[in-house]
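Everything on this sheet refers to the single structure shown next.
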Amino acid sequence: DAGVTQSPTHLIKTRGQQVTLRCSPKSGHDTVSWYQQALGQGPQFIFQYYEEEERQRGNFPDRFSGHQFPNYSSELNVNALLLGDSALYLCASSLGSGRANNEQFFGPGTRLTVL
Amino acid sequence: LAKTTQPISMDSYEGQEVNITCSHNNIATNDYITWYQQFPSQGPRFIIQGYKTKVTNEVASLFIPADRKSSTLSLPRVSLSDTAVYYCLVGDMWSNYQLIWGAGTKLIIKP
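Residue numbers (the numbering used here), protein chains in the order written: chain H, 10 to 124; chain Y, 184 to 294.
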């Protein structure tokens, strides 16, 4: 079992560009959540996907969007990048949105640097 | 949503028992307490979860007093590899996305 995988590992973009980050959940998991983690801070919830739909969203602007595919993998898209978007982006998978098991399995993250 | 308060950092030595306390005065009836561990440049890893009294697994113990307004993560006989950031989270068992992550406790283990 490969666990949660994310790609790419690192990414450098310039302000105004767009970026797509990818995540494959742990085998058997159907729910994917995305988090942004700034240096020295805890992860901040961006949104969660279940059954190919965005189920919940944190306090992030519409520049942040996502998608979940039939195989449960997911993408995070960020448009019009700002310097403040530089962070570690974490993907977490779990089983069943709303189920009584909130243990999440996190991937290693994608380090995004915006210049 | 319950908010947690935990020490910013702690130091200890190899072989010692380490206790990290988390305060969550506004915990709700349906809330569970969960602890995660994060190493640099890695995603967080689930350590332990509990609702009340004491929970123990192969990695740690979690002590929760009757009023549930605080909890203590206990790591027995720590090693250098336990150096990490530890997050205390409180949230509804049914909605993990409602968990609020603070800055965590940076635990440094010295030889």
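Even glycine gets a Cβ: it sits at the ideal position worked out from N, Cα and C.
Residue burial classification, residue i (beta-carbon count within 10 angstroms, cutoff 16)
| i | result |
| --- | --- |
| ALA109/H | The predicted model places ALA109/H with a pLDDT of 47, which falls under 50 and marks its position as unreliable; any figure quoted below should be read in that light. Exposed, since its Cβ has fewer than 16 Cβ neighbours within 10 Å. |
| GLN189/Y | buried |
| HIS207/Y | buried |
| SER192/Y | exposed |
| TYR196/Y | exposed |
| ARG129/H | With chain H running from 10 to 124 in the structure shown, residue 129/H is simply not present. |
| SER262/Y | exposed |
| ASP194/Y | exposed |
| GLY233/Y | buried |
| ARG251/Y | buried |
| ASP71/H | exposed |
CB-CB length for residue i against residue j, believed under 8 Å
| i | j | result |
| --- | --- | --- |
| LEU90/H | VAL123/H | 5 Å |
| GLY116/H | GLN50/H | Not confirmed; about 18 Å, so no contact. |
| ASN209/Y | LYS186/Y | 7 Å |
| ASP265/Y | ILE292/Y | 5 Å |
| SER82/H | SER36/H | Actually they do not touch by this definition, with Cβ atoms about 12 Å apart. |
| ALA243/Y | ILE231/Y | 5 Å |
| THR212/Y | SER253/Y | Contact doesn't hold; Cβ gap of about 16 Å is too wide. |
Nearest to residue i (by Cα), restricted to the options the options
| i | options | result |
| --- | --- | --- |
| ILE247/Y | SER195/Y, TYR215/Y, VAL268/Y and GLY226/Y | TYR215/Y |
| PHE222/Y | PRO294/Y, TYR270/Y and TRP284/Y | TYR270/Y |
| HIS19/H | PRO34/H, LEU99/H, ASP71/H and ASP39/H | LEU99/H |
| GLU60/H | ALA11/H, THR23/H and GLY105/H | GLY105/H |
| ALA267/Y | ASP250/Y, SER224/Y and THR212/Y | SER224/Y |
| LEU245/Y | TYR219/Y, ALA286/Y and PRO294/Y | TYR219/Y |
| LYS22/H | HIS38/H, GLY67/H and LEU92/H | LEU92/H |
| ASP39/H | SER95/H, GLU63/H, PRO17/H and LEU121/H | GLU63/H |
| ALA286/Y | PRO17/H, LEU48/H and ALA11/H | LEU48/H |
| ILE55/H | VAL273/Y, THR288/Y and TRP284/Y | TRP284/Y |
Residue i and residue j closer than 9 Å at C-beta
| i | j | result |
| --- | --- | --- |
| THR217/Y | LEU290/Y | no |
| ARG31/H | LEU97/H | no |
| VAL13/H | ALA101/H | yes |
| GLN53/H | PHE69/H | yes |
| ASN88/H | SER103/H | no |
| TRP43/H | GLN26/H | no |
| GLN113/H | PHE229/Y | yes |
| GLY226/Y | GLY118/H | yes |
Residue i beta carbon near the ligand FAD (any heavy atom closer than 8 Å)
| i | result |
| --- | --- |
| PHE222/Y | For the ligand FAD, the structure offers nothing, since it holds no ligand at all. |
> If we count Cβ pairs, one from each stretch, closer than 8 Å, do we get three or more for the region 226 to 239 of chain Y versus the region 250 to 264 of chain Y?
Replying inline: yes
>> Could you check whether the region 69 to 84 of chain H touches the region 190 to 210 of chain Y, counting it as contact only if at least three pairs of C-beta atoms, one from each stretch, sit closer than 8 Å?
In response: no
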